[in-house]
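Okay, so here's the structure we're looking at.
Numbering (full-length UniProt numbering), first residue to last: 1 to 200.
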């Protein structure tokens, strides 16, 4: 690979590393808020996504470490400051906005610049990670809509609700307030067979 020194791509890699690192921390903070609000499965999605953001950051950081190990890279960039205490819906919507910005604008631009500067592998990484950020955005949007519409624990027709702690199945239009088997609250129920982290 050609030298990254003096290129815009090396700065974009550091911007991307910083952005992914901050997203990881925001999602960890949001997970704690969701847990406190009684949405442990939403907290799990935030933590699951935070771990993926950690890996994205590692990918970008490793490109830099090949040539800049032990050095500092100065960048100018802006990152969101969104932290809504006691409001998981707002945190989900902030996450949708951040992920959408990355997959619609930031990473396609970084990929184009990398390709123009002759870094095809880095361009491919930006493009592939942009597609993953789109999945994150859609997942967060789905959860926000279910919370806003009060359909996360209530459906129009009876379904099988599965307690994620003990496996109890409850049939009805709504998850039970408390699991009759393990006594965990309704936040631990999801529709049986539904994956909250599926890649759609």
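Even for Gly, the Cβ is constructed at its ideal location relative to N, Cα and C.
Using only CA atoms, which one of the options lies nearest to residue i?
i, options, result
"residue 135", "87, 49, 30", "49"
"residue 25", "89, 83, 121, 109", "83"
"residue 22", "81, 128, 86, 111", "81"
"residue 111", "131, 96, 98, 37", "131"
"residue 128", "143, 104, 95", "104"
"residue 85", "194, 35, 6", "35"
"residue 59", "43, 100, 121, 178", "121"
"residue 68", "178, 6, 166, 181", "6"
Output needed for residue i: all residues of its chain with C-beta closer than 8 Å, excluding positions within five of it in sequence on either side, in chain order.
i, result
"residue 8", "113, 117"
"residue 107", "16, 126, 127, 129, 130, 133"
For residue i and residue j, what's the separation of their Cα atoms in angstroms?
i, j, result
"residue 20", "residue 155", "35 Å"
"residue 192", "residue 161", "5 Å"
"residue 196", "residue 33", "18 Å"
"residue 142", "residue 90", "13 Å"
"residue 124", "residue 1", "14 Å"
"residue 38", "residue 79", "28 Å"
"residue 180", "residue 115", "57 Å"
"residue 201", "residue 56", "Lying before the first or after the last residue shown, residue 201 is absent from the chain, which here runs from 1 to 200."
"residue 177", "residue 51", "30 Å"
"residue 194", "residue 169", "13 Å"
"residue 166", "residue 72", "49 Å"
Going by the beta-carbon positions, is the gap between residue i and residue j smaller than 8 Å?
i, j, result
"residue 88", "residue 4", "no"
"residue 62", "residue 102", "no"
"residue 145", "residue 75", "no"
"residue 153", "residue 119", "no"
"residue 93", "residue 14", "no"
"residue 186", "residue 175", "yes"
"residue 30", "residue 53", "no"
"residue 96", "residue 46", "no"
Which residues in the same chain as residue i place their Cβ atom closer than 6 Å to its Cβ, once the five residues preceding and following it in sequence are excluded?
i, result
"residue 18", "none"
"residue 164", "188"
"residue 77", "15"
Below 7 Å CB to CB, which residues in the same chain sit around residue i once its five sequence neighbours on both sides are set aside?
i, result
"residue 151", "none"
"residue 149", "none"
"residue 171", "158, 160"
Hey, is residue i close to the ligand PLP, as in C-beta under 7 Å from one of its heavy atoms?
i, result
"residue 182", "The ligand PLP is not among the ligands present in this structure, which contains no ligands whatsoever."
Please give the ranges of any alpha helix (DSSP H) in the UniProt domain "Rubredoxin-like" (158 to 192), keeping only runs that are unbroken, at least 4 residues long and fully inside the region.
none
Alpha helix (DSSP H) runs contained entirely in the UniProt domain "Ferritin-like diiron" (3 to 151), provided each spans 4 or more residues: 8 to 36, 40 to 68, 88 to 101, 107 to 116, 120 to 148
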